[in-house]
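Engineer:
In the numbering used here, the protein residues as written are 289 to 482.
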C-alpha cells in the first residue's frame, strides 16, 4: 500500500470532506496542477465570483478592444476563485486544442495558461472548446497536502473532462462524490466513526 507521501495526484481533483475546517475550501473541488515532494498547486473549480468579471479582466489588461466573441454578453466566460494564494493572478484552465509554450499540461485532460495569448484566443475566432478563468490558486508546502489527506480532510479522484468542463459548478461537488460511489449525507453521517 502506498504511503501518502508517495502519492502523485497531478491531474486529480481533491474533494473537501464535510466539516472542512477552512471555510475557503468548504464543498470545494480542487484540480491539481502539480504535486511533488516540494508541494502541490491546484485550482478550486466550483467557487464562482461576481467581480471581477472576465470583461473586467480584459479591460484591465487593455484587451477589451480585441473582442470578437463578446458582442453578446451571454458569451461571457465565468470567473472563479481559484484559491487563497495570489488572488490577483489569473490563470485560464482550458482544453488542449489551444496551447502555447507557456501552457502547462495537466496530463491529457487540460492545460493551464497565464498569458495574454490565451485570453486573446478566448475572445478570438478560434477559442478553446472549453475554458474558464480562475483568480488565485491553492498551494501546499512539502508534506502539507499529504498530511491533510491522511487526516481525512480530502478525498481524491482522477479528474475527467466531464467533471472539469461539462459539469456545472453548482453540481461538481456532488458529481465528484457520486463518481466515488458516495454521497455527502453518507460522509456527514459517518464522520468521526472509525
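Note that beta-carbon positions come from the ideal geometry of N, C-alpha and C, so glycine has one too.
Computed from a prediction, not measured in an experiment: that's the story for all the values here.
1) Judging by CA-CA distance, which residue of 331, 387, 444 is the nearest neighbour of residue 297?
2) Give me the DSSP bridge partner(s) of residue 301.
3) Let me confirm a value: residue 350 is counted as buried when at least 16 other C-beta atoms fall within 10 Å, else exposed. Which label applies?
4) What do you get for residue 436, buried or exposed, if any count of 16 or more other CB atoms within 10 angstroms of its CB means buried?
5) Along the chain, where does the beta strand (DSSP E) containing residue 419 start, and where does it finish?
6) Are there 16 or more other CB atoms within 10 angstroms of the CB of residue 398, so buried, or fewer, so exposed?
7) Is the region 422-434 touching the region 364-382, taking contact as three or more C-beta pairs under 8 Å?
8) Please classify residue 452: is it buried, with 16 or more other beta-carbons within 10 angstroms of its beta-carbon, or exposed?
9) Would you check if there are 3 or more beta carbon pairs closer than 8 Å linking the region 401-417 to the region 374-389?
Structural biologist: On the basis of the coordinates in this document:
1) 444
2) 319, 445
3) In this structure residue 350 is exposed. Its beta-carbon is surrounded by fewer than 16 other beta-carbon atoms within 10 angstroms.
4) buried
5) 419-428
6) buried
7) yes
8) buried
9) Look at the beta carbons and you see the region 401-417 touching the region 374-389: at least three pairs across the two are nearer than 8 Å.
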